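Notes follow the structure.
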Amino acid sequence: ETMNAANAVPAFVYGEEIDVTELVTLRTKIKEIVDQEFGVRMTFLPFLIKAASIALDHEPRVNSHVNADCSEITIKGVHNIGVAMDTPHGLIVPNIKNVQSLSVIEIAKELNRLQGLGRQNKLGRDDLTGGTFTLSNIGVVGGTYCTPLIAVPEVCIGALGRFQKVPRFDEAGNVVPRTIMTAGFSADHRVIDGITIARFVTH
Numbered sequence: 078e079t080m081n082a083a084n085a086v087p088a089f090v091y092g093e094e095i096d097v098t099e100l101v102t103l104r105t106k107i108k109e110i111v112d113q114e115f116g117v118r119m120t121f122l123p124f125l126i127k128a129a130s131i132a133l134d135h136e137p138r139v140n141s142h143v144n145a146d147c148s149e150i151t152i153k154g155v156h157n158i159g160v161a162m163d164t165p166h167g168l169i170v171p172n173i174k175n176v177q178s179l180s181v182i183e184i185a186k187e188l189n190r191l192q193g194l195g196r197q198n199k200l201g202r203d204d205l206t207g208g209t210f211t212l213s214n215i216g217v218v219g220g221t222y223c224t225p226l227i228a229v230p231e232v233c234i235g236a237l238g239r240f241q242k243v244p245r246f247d248e249a250g251n252v253v254p255r256t257i258m259t260a261g262f263s264a265d266h267r268v269i270d271g272i273t274i275a276r277f278v279t280h
């Protein structure tokens, strides 16, 4: 039913390469400290979830719901960010509530909780409903590019590809190694235009 609803949406796709070199450095510095002091497994995803929330502050229309005939658009005041998870029981999309008010460590804690419950097939209804924006981390299994289906009634979804170290030119014209993440976004063109998604990704 959800897929049928998504297929009925006039969606467009936006792709981008995002330089995450500094993020890799930061995570390397704090990973063991966070694990020892907070007992939290710190992956890259909590940082990317928080970054998405900050971008939603700048482009709130991306964080909205729309009804079937697009006669009503509701911009959501909270950022309940869904995370697609591959579990032994199939694909599920729980969401982290109120990301706009959480620190990266708090997001990581909640992500760890949802992943654990997902593996055990014990996620509750509250964990699986109320999402306002969704991310799919295809990079965790080595994926690079993807055109994700919108989780209706949401109006945008992002697919995050794997990190790759590639050569880039710096400002002086020297070739330097940089870590790049590919990302693809599908958006409801009735609600959002390309420039809005471009600004969202830039933030």
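If you're matching positions, the sequence shown starts at 78 in our numbering and goes up one per residue. Think of the CB as a built atom: it goes at the ideal place given N, C-alpha and C, for glycine as much as any other residue. Here the structure is a predicted model, which means the values were calculated and not measured.
Helix, strand or coil at S178 according to DSSP, with G and I counted as helix: Three-state result, S178: helix.
Of the listed residues N251, G193 and N172, nearest to S213 (C-alpha basis): Residue nearest to S213 within the set N251, G193 and N172 is N172 (criterion: CA-CA distance).
Residue(s) in a DSSP beta bridge with K242: Per DSSP, T256.
Beta-carbon proximity of I95 to A260, cut-off 7 Å: Against a cut-off of 7 Å, the Cβ pair of A260 and I95 comes out as a contact.
Boundaries (first-last residue) of the alpha helix (DSSP H) holding V111: Counting along the chain, the alpha helix (DSSP H) containing V111 begins and ends at T98 to F115.
P165 versus V252: straight-line alpha-carbon distance, rounded: Computed Cα separation, rounded: 43 Å.
Cutoff 7 Å; reference V86; Cβ partners in own chain excluding five residues on either side: If we look at V86 and ignore the five residues flanking it on each side, its Cβ neighbours are I227, V229 and D265.
Burial state of T105 (16 or more Cβ within 10 Å): The residue is exposed, with fewer than 16 neighbouring Cβ atoms inside 10 Å.
For H135, the first and last residue of its enclosing alpha helix (DSSP H): Membership of H135 in the alpha helix (DSSP H) is indicated by the continuous run L122 to H135.
Counted within 10 angstroms of its Cβ, other Cβ atoms place V278 as buried (16 or more) or exposed: Classification for V278: buried.
Candidates V268, R276, D163 and G216, of which the one nearest F121 by Cα: Looking at the Cα atoms, G216 is the closest of the given residues.
V143 and V268 closer than 7 Å at C-beta: Cβ distance < 7 Å, so V143 and V268 count as in contact.
Length at least 3, wholly inside the segment 158-205: the beta strand (DSSP E) runs in chain order: Along the length of the segment 158-205, whole beta strand (DSSP E) runs at least 3 residues long occupy 158-164 and 167-169, reported in chain order.
Residues bridged to S141 [DSSP beta-bridge criterion]: By DSSP's assignment, S141 forms a beta bridge with I152.
Three-pair Cβ contact test at 8 Å for the segment 119-137 versus the segment 173-191: Three or more pairs of CB atoms, one per stretch, sit closer than 8 Å, so the segment 119-137 contacts the segment 173-191.
Distance CB(K127)-CB(N140) smaller than 7 Å: Not a contact, by the Cβ cut-off of 7 Å.
Residues of its chain near E231, where Cβ-Cβ distance is below 7 Å and the 5 sequence neighbours each way are ignored: For E231, the CB contacts under 7 Å within the same chain, skipping 5 residues up- and downstream, are H142, G208, T209, F210 and T211 in chain order.
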